[in-house]
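Novice: One structure follows; several queries about it will come next.
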Amino acid sequence: MAKIGFIGTGIMGLPMAQNLQKAGHDIFLSEHHDKAPAALLEGGAVALANPKEVAQEAEFIIIMVPDTPQVEDVLFRVNGVAEGVGQNKIVIDMSSISPSATKQFAEKINATGAQYLDAPVSGGEVGAKAGTLSIMVGGSEESFARALPLFEAMGKNITRVGGNGDGQTAKVANQIIVALNIQAVAEALLFAAKNGADPAKVREALMGGFAGSKILEVHGERMIKGTFDPGFRINLHQKDLNLALTGARELGLNLPNTANAQQVFSTCASLGGSGWDHSALIKGLEHMANFSIRKK
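Mapping to our numbering: the sequence shown position 260 is 336, numbers consecutive.
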């Protein structure tokens, strides 16, 4: 069993940390930002003052925060992780952030003698609670092998993609695919309903064919029922698509459909929907069409 520092116990981080705790690992938490969750403390977790203290106590330091600036802050602030790491320690960033920034962060952490893994996840709150997340890892084979038992406590589909930054690159690619599939399902259901067909029956028919997908199954049902409480918020998906579009500009690529999906998410945000589940992308399309697939 390992000593694990876990920084970032929000919607995703809390159940991930709980699964590590259930697997028998010792958990250390930082209270530099928020009080440690009672659920983890009751399970035996230890609360410390800041990320430096967490890094000093733990063999593995996992970070699960919203975006690139927050990761940088946790790592390099005064009393940050970088001040507490060294030989035989592994820093694992499971947030979804910039691949290029990740490479810079990894270089700095590796220079301390520690090792760095970027290991973003896919599967949402449901996957975090069930311990079935997909985990995309960038870093050395040695550090990946050492961290694998931890990943296995949190996920099922675990892949070392390559070196530092490659895990984040895979996650950005994932978010492109998810966004475009959500938009495809939303446009199909909107088209069907506007034509007078029952969108629920159309979804049922499509599930058995080549158009069938997890997004049609799960998010299609949410669109039909109008249940948009977040599993994954629109503003977080916007952040991920911004990473994709920024990276594309750096690479001289054009990602027209990704840009279009981002615009529809922006329409949702303008309607007050930044905190809606990303399946609510359909509400942006409905607004533009002045038509809803849900009966009033």
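Glycine residues also receive a C-beta, built at the ideal position from the N, C-alpha and C atoms. Computed from a prediction, not measured in an experiment: that's the story for all the values here.
1. Quick one: using the 10 Å Cβ neighbour count with 16 as the cut-off for buried, is I253 buried or exposed?
2. Could you work out which residue in K315, A255, I291 is closest to T334 when comparing CA atoms only?
3. Which residue comes first and which comes last in the alpha helix (DSSP H) that contains P279?
4. Considering only their Cβ atoms, is the gap separating D274 from G307 smaller than 9 Å?
5. Rounding to the nearest angstrom, what Cα-Cα distance links L193 and V237 in this structure?
6. Quick check: what's the CA-CA separation for A374 versus P91?
7. Give every residue of the same chain whose Cβ lies closer than 6 Å to the Cβ of N233, excluding the five residues on either side of it in the sequence, and list them in chain order.
8. Output the distance between the C-alpha atoms of A223 and N240, rounded to the nearest integer angstrom.
9. Determine contact between the segment 169-187 and the segment 106-125, defined as no fewer than three beta-carbon pairs at a distance below 8 Å.
10. From the DSSP output, read off the bridge partner residues of Q191.
11. By the three-class DSSP mapping on this structure, what secondary structure does N186 have?
12. Would you check if the segment 298-318 and the segment 346-366 touch, i.e. whether three or more CB-CB distances between them fall below 8 Å?
13. Specify whether the segment 331-347 and the segment 359-367 touch according to this definition: at least 3 beta carbon pairs, one from each stretch, less than 8 Å apart.
14. Along the alpha helix (DSSP H) that carries F227, what are the first and last residues, could you check?
15. Are three or more beta carbon pairs between the segment 176-192 and the segment 121-128 nearer than 8 Å?
16. Give the DSSP bridge partners of D149, in chain order.
17. Skipping 5 residues on each side, what residues in its chain have a beta carbon closer than 7 Å to that of T188?
Specialist: So, from the data block:
1. exposed
2. It is A255 whose Cα lies nearest to the Cα of T334.
3. Contrary to the premise, residue 279 reads as Arg rather than Pro in this sequence. R279 -> alpha helix (DSSP H) spans 275-283.
4. no
5. 11 Å
6. In the structure as shown, the chain begins at 77 and stops at 372. Residue 374 is therefore absent and cannot be evaluated.
7. S210
8. 15 Å
9. no
10. In the DSSP assignment, Q191 forms a beta bridge with I166.
11. helix
12. yes
13. yes
14. 217-230
15. no
16. BP columns for D149 are empty, so no partner.
17. A158, V161, G162
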